[in-house]
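Here is the structure we will look at, set down as structure tokens.
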Amino acid sequence: MKEPTFPDSPLADLCRERGLKLTGQRRTIAFVLSDSDDHPDVEELYRRAVEVDPRISIATVYRTVRLFEENGILQRRDFGGGRARYEVADGDHGDHYHLIDADSGKVIEFENPELDALLDNIVREMGYDLVTTRLSVVGRRKAKPR
């Protein structure tokens, strides 16, 4: 079976910047992660990667995710539900927040300049400079009025 080819992905670029060797399977996993608009767990990432390259094993995905995390390429997120999820940890992504749907578990990213300013003020009042934020809130969609 021929190895799949992909256009370069932002995550593959980060790997190169950090000096990681990009094997074919790592390139596949990097492509799948870069193409994700959600926060997949390892098993979901494996399902997506196998669709691209059936030779990838779950062990390879676990090792690659750990390697990417150790090298600051991925960030582990815990949104509850007992499974770690991952997102690209590039500096261009910026500070953002996560709204978790209490019923579906769906994670929605959002930015809010007013919240940024509020958190910065709180931290400054405590005698610190804000470096980064990690904020997750859980909400339930309001029922539509009848």
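Everything in the sequence shown is counted per this note's numbering, starting at 801 for the first residue and increasing by one.
Ideal placement from N, C-alpha and C gives every residue a C-beta, glycine not left out.
Of all the options the options, which has the alpha carbon lying nearest to the alpha carbon of residue i?
i     : options                   : result
V842  : T864, K821, R855 and G905 : T864
E909  : L899, R818, D916 and R827 : L899
L915  : V937, Y846 and T823       : V937
E1026 : Y846, F868, D838 and H839 : Shown here, the chain extends from 801 to 946; a query on residue 1026 therefore has no answer.
V907  : R827, P840, A812 and R826 : P840
G939  : D835, I922 and Y897       : Y897
T828  : L935, L845, T932 and R866 : L845
V850  : R885, V931, R826 and D838 : R826
D837  : L814, R866 and R885       : R885
Let me know if residue i comes out buried or exposed under the rule of 16 or more other beta-carbons within 10 Å of its beta-carbon.
i    : result
V861 : buried
V888 : buried
L833 : buried
A943 : exposed
A902 : exposed
L935 : exposed
According to DSSP, is residue i helix, strand or coil?
i    : result
V931 : coil
G819 : coil
A812 : helix
R885 : strand
G905 : coil
R940 : coil
R827 : helix
R877 : strand
Pull up the distance between the alpha-carbon of residue i and that of residue j, whole angstroms please.
i    : j    : result
D853 : N871 : 24 Å
R883 : F831 : 22 Å
G905 : I858 : 23 Å
D892 : R946 : Its pLDDT being 42, under 50, D892 is placed unreliably in this model, and the value from its coordinates should be taken loosely. The alpha-carbon atoms of D892 and R946 are separated by roughly 43 Å.
I873 : M926 : 31 Å
L918 : N912 : 10 Å
K821 : D929 : 36 Å
P810 : R941 : 33 Å
T823 : R847 : 19 Å
D920 : R855 : 47 Å
A812 : Q875 : 15 Å
In the segment 830–875, which residue ranges form an unbroken alpha helix (DSSP H) of at least 4 residues, counting only runs that do not cross its ends?
842–852 and 858–870
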